[in-house]
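*Asks:*
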Amino acid sequence: MNSGDLLQSRYRLIRLLGSGASGAVWHARNELIDRDVALKIMRPDVAEDAVALQRFFNEAKASGRVRSPSIVEILDLGQAEDGSPFLVFELLEGEGLDEKLRREGTIAPEPLLEMFVGVAKALELAHANGIIHRDLKPANIFVGKNNAGQPVAKILDFGISKVFDTGHNFTLTRTGTVVGSPAYMSPEQAGGREDIDGRADIWSLGIVMYEALTGTLPHQAANYNALMVRILTQDCDPVMTRKTDLPPSVCAIVDACLKRERDERTSNSGLLSKQMDGAMREMKAVRFRSLGRRTTDRSVGETQRRASDLAVDEVGTIARGKVPSKALSLRSVVLIAAGAGVALGVVMLLLVMAVMGHR
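Okay, so the sequence shown: first residue is 0 according to numbering that gives the first Met the number 0, each after it adds one.
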């Protein structure tokens, strides 16, 4: 397909956003309502594969079932004139979290939680609707801004999600098949377990946060098999050992997501979002207290400086024999009294010295 092509008499292709082995993503415009959208188009030959086609429609089903500001919105589903199936999504402005991390290295705890608390709430909705993503990673989290200009993260690509429905189980894998991206895969996924639940997504989100905070992955190995063995047999290093200046509350949240035994892991995404929200409020309170102390210190210093300047000015005025026409402040009276006391002392000293000199 090329720029300018029209699909289903309404979607005009504008420019290619990205492409891969299974298809491409285009910036397009719905000419009937004059709205810019994103089109994910599958290649016709790939669509002949029943599993790949089911995965494609699985994404539509999963995204359409769960409405959240932190999940990319699906708008339509169709088939191009050449037989290519396509999905229509909201057009996002921003970048993938993977691109952001490549550019910035790490993300500070507070802005990270501000973005990810929404992701945790979105997962809570997905899990409540019987949907497990199973492939959370930086490339599947898009970082943009909401209408208020605040950073927001959106979950992308439910292509290998596990969708449970009455009478249908839209699982894309045969028994024992490993799915997901290796470095972010939970131990139960790495072991090929069938009874995957929402705690697999909690693990993966913990890995993403670990990487975003420290710039490193907890599990790395020379090859796929060695990585699977490591995930299955070794605990993650506590996140604070990789970056020692992280807030303890944030470290506790990440470490709890990465318990190898899932019964010891954070039990659900609703609890995770509440923990994130609490840690975020704690960091804001610490920051405001620190800001308050700095402001108080500056105010005290400024008050002392102004008082010193005032004292110098008023003593100078008195020394010149000029008294302000307005009533003097209590501070001025004190300064004058002190000055008078010093002057009287000097006079008395001179008199004593004069008397002693005549003897």
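Backbone N, C-alpha and C fix where the C-beta goes; we use that ideal spot for every residue, glycine too.
1) Given this structure, state the Cα-to-Cα distance separating Ser272 from Ala138, to the nearest angstrom.
2) Among the residues of its own chain, which have a CB less than 7 Å from the CB of Asn29, if the five just before and after it don't count?
3) What would DSSP say about Gln78, mapped onto helix, strand or coil?
4) Using CA atoms only, rank isn't needed, just tell me which of Lys39, Met239, Pro150 and Glu260 is closest to Pro84.
5) Count the other CB atoms, across all protein chains shown, that sit within 10 Å of the CB of Ala119; report buried if there are 16 or more and exposed otherwise.
6) Are the region 262-282 and the region 109-127 in contact at 8 Å, needing three or more beta carbon pairs?
7) Taking all protein chains shown into account, decide if Glu89 is buried (16 or more other Cβ within 10 angstroms of its Cβ) or exposed.
8) In angstroms with no decimal places, state the Cα-to-Cα distance between Ile32 and Val87.
9) Relative to the C-alpha of Gly93, which residue among Arg229, Asp156 and Ile140 is closest?
10) Any chance you could list the alpha helix (DSSP H) runs of at least 4 consecutive residues sitting entirely within the region 74-125, in chain order?
11) Please report the distance separating the alpha-carbon of Glu281 from that of Ala27.
12) Does the Cβ of Arg54 have 16 or more other Cβ atoms within 10 Å, making it buried, or fewer, making it exposed?
13) Helix, strand or coil for Asn224 per DSSP?
14) Could you spell out where the alpha helix (DSSP H) holding Gly191 opens and where it closes?
15) Specify, as a first and last residue, the run of the beta strand (DSSP E) that Tyr10 falls within.
16) Beta strand (DSSP E) containing Val253: first to last residue?
17) Quick one, which of Asp244, Glu187, Asn145 and Leu91 has its alpha-carbon nearest Asp262's?
18) Contact between the region 147-157 and the region 54-68 is defined here as three or more beta-carbon pairs at a separation below 8 Å; is this criterion met?
19) Considering only DSSP beta bridges, list what His26 is partnered with.
20) Would you identify the three-state DSSP class for Ile230, choosing helix, strand or coil?
21) In whole angstroms, give me the CA-to-CA distance for Ala107 and His218.
22) State the Cα-Cα distance for the pair Arg14 and Arg34, rounded to the nearest angstrom.
23) Under DSSP, the alpha helix (DSSP H) around Pro43 begins and ends at which residues?
24) Which residue marks the beginning of the alpha helix (DSSP H) containing Ile32, and which one marks its end?
25) Can you check whether the CB of Ile206 is closer than 8 Å to the CB of Val182?
26) Once you ignore the five residues that flank Val151 on each side, which residues in its own chain have a CB closer than 7 Å to its CB?
27) Could you tell me if Val71 is buried or exposed, where buried requires 16 or more neighbouring beta carbons within 10 angstroms of its beta carbon?
28) Where does Ala152 sit, in a helix, a strand or coil, going by DSSP?
29) When DSSP labels each residue in this structure, what does Lys242 get in the three-state scheme?
*Replies:* Taking the structure as given:
1) 21 Å
2) Arg9, Tyr10 and Val36
3) strand
4) Lys39
5) buried
6) With a cut-off of 8 Å, the region 109-127 and the region 262-282 count as touching, because enough Cβ pairs lie within range.
7) exposed
8) 14 Å
9) Measuring from the Cα of Gly93, the nearest candidate turns out to be Ile140.
10) Those alpha helix (DSSP H) runs which fall completely within the region 74-125 and span 4+ residues are 96-103.
11) The straight-line gap from Cα to Cα measures roughly 43 Å.
12) So Arg54 ends up on the buried side.
13) helix
14) From DSSP, Gly191 is part of no alpha helix (DSSP H); its letter is neither H nor E.
15) Tyr10 to Ser18
16) No beta strand (DSSP E) contains Val253, which is instead part of the alpha helix (DSSP H) from Pro247 to Cys256.
17) Looking only at Asp244, Glu187, Asn145 and Leu91, the smallest Cα-Cα distance to Asp262 is reached by Glu187.
18) yes
19) Arg14 and Ala37
20) helix
21) A direct Cα-Cα distance of roughly 21 Å separates Ala107 from His218.
22) In this structure, the straight-line span from the alpha carbon of Arg14 to that of Arg34 is close to 15 Å.
23) Pro43 to Ala46
24) Element bounds for Ile32: n/a, residue is neither H nor E.
25) It is Ala, not Val, that sits at residue 182 in the sequence shown. Taking 8 Å as the Cβ cut-off, Ala182 and Ile206 qualify as a contacting pair.
26) Pro68, Ser69, Met114, Gly117, Gly143, Lys144 and Asn145
27) buried
28) Taken through DSSP and simplified to helix, strand or coil, Ala152 comes out as strand.
29) coil
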